[in-house]
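For the protein sequence lines, the chains are C and H, in the order given. For what it's worth, the working numbering labels the leading residue of the first sequence as 1, then goes sequentially. For what it's worth, the working numbering labels the leading residue of the second sequence as 1001, then goes sequentially.
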Amino acid sequence: MSSSLPQQKVVPSAWTHRHLLDLKRLTSDEIKLLLDTTAMFKEATDGCRRKLSVLSGATIANLFFESSTRTRTSFSLAARRLGADVVDFSAVGSSLSKGESFIDTAKNIEAMGIDAVVVRHQTPGTPHLLSQHLNVGVINAGDGPHEHPTQGLLDIFSIRERLGDLKGITVAMVGDIAHSRTARSNFWGLTKLGAKVIFCGPPTLVSPRWAELGAEVSHDLDAILPRCDCLNLLRIQFERQSTRPFPSVREYAHLYAMNKQRLAGAKKDLLILAPGPINRGVEVTADVADCPQSLILNQVTNGIAVRMAVLWLTCGPRSHSSGKTL
Amino acid sequence: MASLLVRGGRFVDPSQNIDRVASLLLREGVVVAIDPPDVHADEVIDATGMIVSPGLVDMHVHLREPGREEDETIETGTAAAIVGGFTSIACIPNTEPPIDTQGAVEFIHQKAVRADHCNVFVVGCVSRNREGKELAEIGQLVEAGAVAFSDDGAPVYDAELMRRAFEYCLMFDKPILAHEEVLELSRGGVMHEGLVSLVLGLTGMPAAAEEVLIGRDAALAEVTGGRLHVMHVSTAGGVALVRAAKARGVRITAEACPHHFTLTDECMWGFDSNFKMSPPLRTAVDVEGVIEGIVDGTIDCIATDHAPHAREKKMLELDRAPFGILGLETALGLSVTRLVATGRIGWPRLIEAMSVLPSRILGINRGTLRIGSIADITIIDPIQRWQVDVGTFKSKSVNSPFDRWTLEGRAVATIVGGRIKHRLL
Chain C
1 MSSSLPQQKV VPSAWTHRHL LDLKRLTSDE IKLLLDTTAM FKEATDGCRR
51 KLSVLSGATI ANLFFESSTR TRTSFSLAAR RLGADVVDFS AVGSSLSKGE
101 SFIDTAKNIE AMGIDAVVVR HQTPGTPHLL SQHLNVGVIN AGDGPHEHPT
151 QGLLDIFSIR ERLGDLKGIT VAMVGDIAHS RTARSNFWGL TKLGAKVIFC
201 GPPTLVSPRW AELGAEVSHD LDAILPRCDC LNLLRIQFER QSTRPFPSVR
251 EYAHLYAMNK QRLAGAKKDL LILAPGPINR GVEVTADVAD CPQSLILNQV
301 TNGIAVRMAV LWLTCGPRSH SSGKTL
Chain H
1001 MASLLVRGGR FVDPSQNIDR VASLLLREGV VVAIDPPDVH ADEVIDATGM
1051 IVSPGLVDMH VHLREPGREE DETIETGTAA AIVGGFTSIA CIPNTEPPID
1101 TQGAVEFIHQ KAVRADHCNV FVVGCVSRNR EGKELAEIGQ LVEAGAVAFS
1151 DDGAPVYDAE LMRRAFEYCL MFDKPILAHE EVLELSRGGV MHEGLVSLVL
1201 GLTGMPAAAE EVLIGRDAAL AEVTGGRLHV MHVSTAGGVA LVRAAKARGV
1251 RITAEACPHH FTLTDECMWG FDSNFKMSPP LRTAVDVEGV IEGIVDGTID
1301 CIATDHAPHA REKKMLELDR APFGILGLET ALGLSVTRLV ATGRIGWPRL
1351 IEAMSVLPSR ILGINRGTLR IGSIADITII DPIQRWQVDV GTFKSKSVNS
1401 PFDRWTLEGR AVATIVGGRI KHRLL
């Protein structure tokens, strides 16, 4: 076990946030700092396999009000790789089903002496609400369709790892933009770093008003494909839709599924991401999901590094406040 | 009963086209003289520099009692009303149980008399048990004193039932107060559907959800000749629909709420549930549309939609927190600040919108200070700047986003039936 980091020993003073609630309000420098810190941890842990002790003694609580396997596991692993203890709370079977409000639940967990809360909730803004009521760091692990900042960061990190600078590249996010927190976090992060974002899907899932915020809006995947450096294929979130936004899965797949034929019309080195879980055959066919340009599994590994960076920045000793070093 | 002289104020009574400095003599709860020559009164209020107005009337208040006394009671709600300058309020029947029987109407009247703050007029349900299936016993409710009918909180969804309600109310000449919302379009919504909801990932309630039903009800009022009063118009498109209906002679009136001409959906950036109400806060264009409606008279009156919710209910996730915002104690200040101080309307129009027209729509003998009328008077300091403090609210709830706002214009005395119920002068 390595007890220290190779280069930086203190949380950089450029990081001033106690919480990580969304990417929208971060500056490009703050996002770059998060990405650089991610790179540092990925290297220091030899690709997220080795364990550090920079957060030993700290306890991270996973507070998941919505089911999740991979994000929760990723946060847990990241915390353990940093030497922190992890406690898991899930809404099912806890006091929440007895009528306690989620703020009371969170305050109880806080009173048990934890250092940060990783929260996932089906309602946008819930992490923000918690951050106003708790005295510990709050990390948003996905709040409804609003944001999923660590997912956005890991997608951006995975692209940057391959392409270097993001300035001027074109990233298309395809599918269920309306219900996608991943799309929103990617949009803010990519845009701030100088990339161009295209939102592509049927008008029932892609509002034309995104154009007012700087995204390009398209309903024709084949038309935009030749211009793309990177595709991020979003899962159709059937569970969040009150009425079906397209007539059939068959028709959706016909119009928007990424398959071998479509790939032929794209740049040779087109990168393919998917935040997962993916519906094979709906957003992407198996041959494309497993092709060499697919970053899907890199994303998973990078997710741990990103979460290490976020946990360390939000609950590690602060050079600018305490002056402590690791 | 003692006599009371209100002396030296600017007496603004649009029901008599009066706007001049005058003194009012009240005796036995009635206005007995304007500018009496040789006065002797038991008590004198010097209203110099103040506006002396017919008592303000809020025709849209949720008193919550019976059933949800943890949010508000008739006692606390009427206490809040007089502090806000209201001498009369109309309470909306979405209580538990709903006000759809004579007994329920009498219960409200008795509780209001016992509280002894302001007058309470009762709005009865349009449909039995507010279920939207069959008409409530409207005739019985009228006999008990109900002044209007509404299923507010929800629309009367069945168009045929709404048509029958308009027709049936014709024989009593009572208006239907309509909450206009196409539920399929607003389902799951917590805020206005627009750019802000898009970014926040919150489910939106499109302006069309409100406008489609305003259009339907205007058409039904037109074919039946019934009286439609559109509650809480919040969109520029809704104002345009009301304007067009008025132009073709439909018996339609409308109200707007202070929050809808003061705040926009941009308030939701902080995810604060105190900004969650139905209809939701709209855009700056809608705010301007509503103000224009008030200026040109398309919107007849200002009503609060005072909707108290206990603190613990509002401290939930946005989709679980209830819709609603307090209004009684901030309505006058917000209206003066937003409409009069900015020069959009003058005092006579404000008093028309907050007293004369709501009284006329409800058919109640208020909203005027003609000699011989009931002495309900609100005295307003037109330029006093004061800070809202929800900690001092008489309301049982605190769900106001205006806490710590500085407002201009304040009720400094509220006189109900000749008796001073609230006095800062």
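All C-beta atoms, glycine included, are put in the ideal place defined by N, C-alpha and C. Keep in mind that this is a model prediction, so the values were computed, not measured.
For residue 1181(H), which residues in chain C fall below 9 Å Cβ to Cβ? Stepping through the second sequence from its first residue, residue 1181(H) is reached at position 181. Those within 9 Å of residue 1181(H) in chain C number zero; the least Cβ separation is about 16 Å.
Nearest-angstrom Cα separation, counted from residue 1307(H) out to residue 1274(H): On the second sequence, residue 1274(H) is found 274 positions in, with the first residue counted as 1. On the second sequence, residue 1307(H) is found 307 positions in, with the first residue counted as 1. Straight-line Cα distance between these residues: approximately 11 Å.
Does residue 1424(H) come out as helix, strand or coil in the three-state DSSP assignment? By one-based count along the second sequence, residue 1424(H) stands at place 424. Correct three-state label for residue 1424(H): coil.
Residue 1317(H) CB to nearest chain C CB: under 8 Å? Locating residue 1317(H) in the second sequence gives position 317, where the first residue counts as 1. For residue 1317(H), the answer is yes, since a Cβ of chain C falls inside 8 Å of its Cβ.
Helix, strand or coil at residue 7(C) according to DSSP, with G and I counted as helix: Translated into the one-based positions of the first sequence, residue 7(C) becomes position 7. Bear in mind that the predicted position of residue 7(C) carries a pLDDT of just 47, short of 50, making it unreliable; the figure below should be weighed with that in mind. In this structure, residue 7(C) counts as coil in the three-state DSSP scheme.
Could you tell me which uninterrupted alpha helix (DSSP H) segments, each at least 4 residues in length, are contained entirely in the stretch 1036-1106 of chain H, listed from first to last along the chain? 1074-1083
For residue 1027(H): DSSP bridge partner residues: Position 27 of the second sequence, counting from 1, holds the residue named residue 1027(H). 1003(H) and 1030(H), per the DSSP bridge assignment.
To the nearest angstrom, report how far apart residue 1179(H) and residue 1358(H) are at their CA atoms. Locating residue 1179(H) in the second sequence gives position 179, where the first residue counts as 1. Locating residue 1358(H) in the second sequence gives position 358, where the first residue counts as 1. If I take the Cα positions, the gap works out to 17 Å.
Taking the continuous alpha helix (DSSP H) assigned at residue 255(C), which residues delimit it? The sequence position of residue 255(C) within the first sequence is 255, counting from 1. That run of the alpha helix (DSSP H) goes 249-256.
Residues of the stretch 203-220 of chain C with a CB closer than 8 Å to any CB of chain H: list them in chain order, please. Listed in chain order, the positions of the stretch 203-220 of chain C with a beta carbon within less than 8 Å of a beta carbon of chain H are 207, 209, 210, 212 and 213.
Can you tell me whether residue 3(C) is buried or exposed? The criterion is at least 16 other CB atoms within 10 Å of its CB, across all chains shown. For the purposes of this step, residue 3(C) is taken as residue 3 along the first sequence, with counting starting at 1. Note that residue 3(C) has pLDDT 49, beneath the 50 cutoff, so the model's placement of it is unreliable and the number below is only indicative. Sixteen is the threshold: since fewer than 16 other Cβ atoms of the shown chains lie within 10 Å of the Cβ of residue 3(C), the residue is exposed.
Leaving out five residues before and five after residue 230(C) in sequence, what residues of the same chain have Cβ atoms less than 6 Å from its Cβ? Reading the first sequence from its first residue, position 230 is the one you call residue 230(C). Cβ within range, chain order: 159, 171 and 271.
Any beta-carbon of chain H closer than 8 Å to the one on residue 18(C)? In the first sequence, the residue the question calls residue 18(C) occupies position 18. No, residue 18(C) does not count as interfacial toward chain H.
Mind listing the chain C neighbours of residue 1106(H)? Cutoff is C-beta to C-beta under 7 Å, in chain order. Mapped onto the second sequence, residue 1106(H) falls at position 106. Those do not exist, as residue 1106(H) stays about 35 Å from chain C at its closest Cβ, beyond 7 Å.
Taking 8 Å as the threshold (beta carbon to beta carbon), is residue 1323(H) in contact with chain C? Counting from 1 along the second sequence, the entry for residue 1323(H) is found at position 323. By this cut-off, residue 1323(H) is not an interface position.
Assuming the contact rule is C-beta atoms closer than 8 Å, residue 101(C) and residue 1316(H) should be a hit. Round their C-beta distance to whole Å, please. Taking the first sequence and counting its residues from 1, the one referred to as residue 101(C) is at position 101. Taking the second sequence and counting its residues from 1, the one referred to as residue 1316(H) is at position 316. Going by Cβ atoms, the distance from residue 101(C) to residue 1316(H) rounds to 6 Å, so yes, they are a contact pair.
Strictly below 9 Å CB to CB, what residues from chain C border residue 1275(H)? Here residue 1275(H) refers to the residue found at position 275 of the second sequence. Those do not exist, as residue 1275(H) stays about 11 Å from chain C at its closest Cβ, beyond 9 Å.
Is it true that the CB of residue 1204(H) sits closer than 8 Å to the CB of residue 1194(H)? For the purposes of this step, residue 1194(H) is identified with residue 194 of the second sequence, where counting begins at 1. For the purposes of this step, residue 1204(H) is identified with residue 204 of the second sequence, where counting begins at 1. Yes, the Cβ-Cβ distance between residue 1194(H) and residue 1204(H) is below 8 Å.
Of the choices 1403(H), 1374(H), 1394(H) and 1396(H), whose alpha-carbon is the least far from that of residue 1026(H)? Along the second sequence, read from residue 1 onward, the residue named residue 1026(H) stands at position 26. The shortest C-alpha separation from residue 1026(H) is found at 1374(H).
If you measure beta-carbon to beta-carbon, which residues of the stretch 1195-1214 of chain H are closer than 8 Å to chain C? 1195, 1198, 1199, 1200, 1201 and 1202
Mind listing which residues of the stretch 145-171 of chain C have their C-beta closer than 9 Å to chain H's C-betas, in chain order? 145, 146 and 147
Take residue 1201(H) as the anchor and find which of 147(C), 32(C) and 141(C) has the nearest alpha-carbon. To locate residue 1201(H), count along the second sequence from 1; it is residue 201. Of the candidates 147(C), 32(C) and 141(C), the residue whose Cα lies closest to the Cα of residue 1201(H) is 147(C).
Whole angstroms are fine: how far does the CA of residue 1199(H) sit from the CA of residue 258(C)? By one-based count along the first sequence, residue 258(C) stands at place 258. By one-based count along the second sequence, residue 1199(H) stands at place 199. Spanning the two alpha carbons is a distance of roughly 26 Å.
Could you tell me which residues DSSP pairs with residue 200(C) in its beta bridges? Counting from 1 along the first sequence, the entry for residue 200(C) is found at position 200. The partner list for residue 200(C) (beta bridge, DSSP) reads 174(C) and 218(C).
Contact with chain C by residue 1312(H), beta-carbon distance below 8 Å: The residue given as residue 1312(H) occupies position 312 in the second sequence. A Cβ of chain C is located within less than 8 Å of the beta carbon of residue 1312(H).
Per-residue DSSP class, three states only, for residue 1208(H): The count along the second sequence starts at 1 and reaches residue 1208(H) at position 208. Correct three-state label for residue 1208(H): helix.
So does the stretch 1382-1401 of chain H actually touch the stretch 1070-1085 of chain H, counting three or more Cβ pairs closer than 8 Å? yes
Provide the residue span of the alpha helix (DSSP H) that contains residue 127(C), from first to last. One-based indexing of the first sequence puts residue 127(C) at position 127. Residue 127(C) -> alpha helix (DSSP H) spans 126-133.
Element boundaries [alpha helix (DSSP H), containing residue 26(C)]: Looking up residue 26(C) in the first sequence gives position 26. Unbroken run through residue 26(C): none, as it is neither H nor E.
Can you list, in chain order, the residues of its chain with a C-beta nearer than 8 Å to that of residue 1299(H)? Leave out the 5 residues immediately preceding and following it. For the purposes of this step, residue 1299(H) is taken as residue 299 along the second sequence, with counting starting at 1. So the qualifying residues of the chain are 1233, 1239, 1242, 1254, 1255, 1256, 1290, 1293 and 1353.
Could you tell me which residues DSSP pairs with residue 1407(H) in its beta bridges? Residue mapping note: residue 1407(H) aligns to position 407 of the second sequence, counting from 1. Residue 1407(H) is bridged to 1386(H).
Using the Cα positions of residue 1016(H) and residue 1415(H), report the straight-line distance between them to the nearest angstrom. Sequence index remark: in the second sequence, residue 1016(H) carries index 16 (1-based). Sequence index remark: in the second sequence, residue 1415(H) carries index 415 (1-based). Going by the C-alpha atoms only, they are around 19 Å apart.
With a threshold of 16 other CB atoms inside 10 Å of the CB of residue 131(C), please say whether the residue is buried or exposed. Walking along the first sequence from the start, residue 131(C) turns up at place 131. Note on residue 131(C): 16 or more other CB atoms within 10 angstroms of its CB, so buried under the neighbour-count rule.
Rounded C-alpha distance that separates residue 1384(H) from residue 1189(H): Start at 1 with the first residue of the second sequence, and residue 1384(H) comes out as number 384. Start at 1 with the first residue of the second sequence, and residue 1189(H) comes out as number 189. Cα to Cα, residue 1384(H) sits roughly 38 Å from residue 1189(H).
According to DSSP, is residue 1414(H) part of a helix, a strand, or is it coil? Start at 1 with the first residue of the second sequence, and residue 1414(H) comes out as number 414. In this structure, DSSP gives residue 1414(H) an extended state, which the three-state scheme calls strand.
Please confirm whether residue 1188(H) has its beta-carbon closer than 8 Å to some beta-carbon of chain C. The residue given as residue 1188(H) occupies position 188 in the second sequence. Yes, its Cβ sits closer than 8 Å to a Cβ of chain C.
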